[in-house]
Every structure is written in C-alpha cells, then in structure tokens.
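To start, the structure itself, in structure tokens.
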Amino acid sequence: NAGVTQTPKFRVLKTGQSMTLLCAQDMNHEYMYWYRQDPGMGLRLIHYSVGEGTTAKGEVPDGYNVSRLKKQNFLLGLESAAPSQTSVYFCASSLDRDDQGNTEAFFGQGTRLTVV
Amino acid sequence: DQQVKQNSPSLSVQEGRISILNCDYTNSMFDYFLWYKKYPAEGPTFLISISSIKDKNEDGRFTVFLNKSAKHLSLHIVPSQPGDSAVYFCAASEIMNAGNMLTFGGGTRLMVKP
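Going down the list, the protein sequences come from chains R and D. 25 is the number of the first residue of the first sequence in the numbering used here; add one for each residue after it. 6 is the number of the first residue of the second sequence in the numbering used here; add one for each residue after it.
Laid out in structure tokens, this is it:
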C-alpha cells in the first residue's frame, strides 16, 4: 500500500536549471495537489488538479508548471530554478468531500529542494 | 494575509500532562477543519477533524474543540506522550472551493519531555 509517492526525495539545483518532480498515487483519487513548506509559513498551495487533464493555480504558482496526463500522476516543473524556490515540496491527493464534509488529504514524504 | 493562523510556534509540556494547541481562522466560509501531525523527513499525516456543525470531536487521547463565534479551534492531547513530539498543522476547507484544497496554518512544534 504505497499511497502517495514522490520522486526524488532530495535534489540540489543551480540557479537557472530546470527539473520535474513526480508524484504518483495508487488510491484512485480525483484531486491532487502540490504544496511547498517553508519555516513559519505552513504549507502553501502551488497548483492543484481536480481530475485527469485539468490543472489550476493555487496560492503561490509563479515559477512552476504542472501537468496531469494520467489520473495517478501529477508532475511539478521548475523551468528556471531560483534560490527562492528552495523549499520542501509535498504532493497530496484526496477524494471529493463526503456527506460530512470530510476532505482528508494524503501526503507524500516530501522532496527537499535546494537551489544554489 | 494568512486565513489560518497558529500563533504559537512551539510548545513544551511534560509527559502525562495536557497539551493544548490553538488555531484561529478568518474565513467564515470554512466549514471543515483538520489537524495534521508531521514528523521530521516525513509527510503530514491526518490526526483528527471536525465539521462546523459540531463543537467537539474526540478520538482516544485527542480532542478537537471548535468555537465558531470566535473562529477558534484547539487540539487537546491527554495524556501527552514523548511520541507526540512533532509539528502539528491546523487546516481548513470551505464547501464552495471547487478544488477541495486545504488551507494550512504555520504549524506548532510540540515537545513532550519524559
């Protein structure tokens, strides 16, 4: 029972380099999210997807792009990395709300990215 | 402006005593609240939640209280155990949000001393 798996776990980039973070979930969830965690800021939403082939901007989308070509995968891309993108990135997935309003999201283990 | 705030960055309690973590929110459209627990180098894991139609939800040692008029919720852990030492995030969701996403507070680091 893998749940939500993120690849890679760690990465160091030079300013201006590009990379893609991969998120895979095996729970058949419709909704997927990318958050970044910075000290004192909690988790802030970068982009999200409500289903295969759809994406939308979250609170802090600048400098990132996403794609959801398959229901189980959600990719986060950095086209030209900047030091301000040094952070821990978390992918999450969830079902739609249930009758009680429950919107529990399941998280991956995180990717620690450093941009130098 | 942060819609969900946890004003205490850290909290230290003795093993066996009560831990009380607080969370305030500003968006009156939030109708579901969750607490997540996070250990170092791991992703957040769901702990307990509460709907806005309730004022209390209990699960073992964990109880969440919601005061809608004050836009305040709290997590009580009784008795606290060393294994509870972690960062706790408060999160909220609003029914009108098509993306179903959660809005998080900044987190509170709980340290339970043996």
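Backbone N, C-alpha and C fix where the C-beta goes; we use that ideal spot for every residue, glycine too. Every value quoted in this text rests on a predicted model; they were computed, and no experiment measured them.
Exercise. Comparing the C-beta of residue 47 of chain D with each C-beta of chain R, is any distance below 7 Å?
Worked result: Your numbering for residue 47 of chain D matches position 42 in the second sequence. So yes, residue 47 of chain D belongs to the interface.
Exercise. Nearest to residue 17 of chain D by alpha carbon, out of D:82, D:110, D:50 and D:39?
Worked result: On the second sequence, position 12 is the one that residue 17 of chain D refers to. Among D:82, D:110, D:50 and D:39, the Cα nearest to that of residue 17 of chain D belongs to D:82.
For this session: Assuming residue 10 of chain D contacts residue 112 of chain D (C-beta within less than 8 Å), just tell me the rounded distance between them.
Result: Indexing the second sequence from 1 puts residue 10 of chain D at position 5. Indexing the second sequence from 1 puts residue 112 of chain D at position 107. That belief does not hold up - the Cβ atoms of residue 10 of chain D and residue 112 of chain D are roughly 11 Å apart, past 8 Å.
Exercise. Can you find a C-beta in chain D that's less than 7 Å from the C-beta of residue 87 of chain R?
Worked result: Counting from one through the first sequence, the residue named residue 87 of chain R turns up at place 63. Not closer than 7 Å to any Cβ of chain D, the Cβ of residue 87 of chain R fails to qualify, so no.
Problem set entry | Own chain residues within Cβ distance below 6 Å of residue 114 of chain D, not counting five before or after | Numbered from its first residue, the second sequence carries residue 114 of chain D at position 109. Hits under 6 Å: 15 and 92.
Exercise. Listed in chain order, which residues of the segment 50-61 of chain R have Cβ atoms closer than 7 Å to some Cβ of chain D?
Worked result: 55 and 57
Problem set entry | Close-in-space but distant-in-sequence residues of the same chain around residue 89 of chain R (CB under 7 Å, 5 per side omitted) | As a first step, residue 89 of chain R is located in the first sequence; it is residue number 65 there, counting from the start. Taken in chain order, the residues that qualify are 101 and 103.
Exercise. At a cut of 8 Å, does the segment 44-60 of chain D reach the segment 115-133 of chain R through at least three beta carbon pairs?
Worked result: yes
For this session: Decide yes or no for the touch test of the segment 37-49 of chain R against the segment 65-81 of chain D: beta carbon pairs closer than 8 Å, at least 3 of them.
Result: no
Problem set entry | Reduced DSSP secondary structure (H/G/I, E/B, other) of residue 19 of chain D | If you number the second sequence from 1, residue 19 of chain D lands on position 14. In the structure shown, residue 19 of chain D sits in a strand (DSSP, three-state: E or B).
Exercise. What does residue 107 of chain D touch in chain R if you count any residue whose Cβ is under 7 Å from its own?
Worked result: Numbered from 1 along the second sequence, position 102 holds the residue referred to as residue 107 of chain D. Going along chain R in sequence order, the residues near residue 107 of chain D (Cβ under 7 Å) are 127 and 129.
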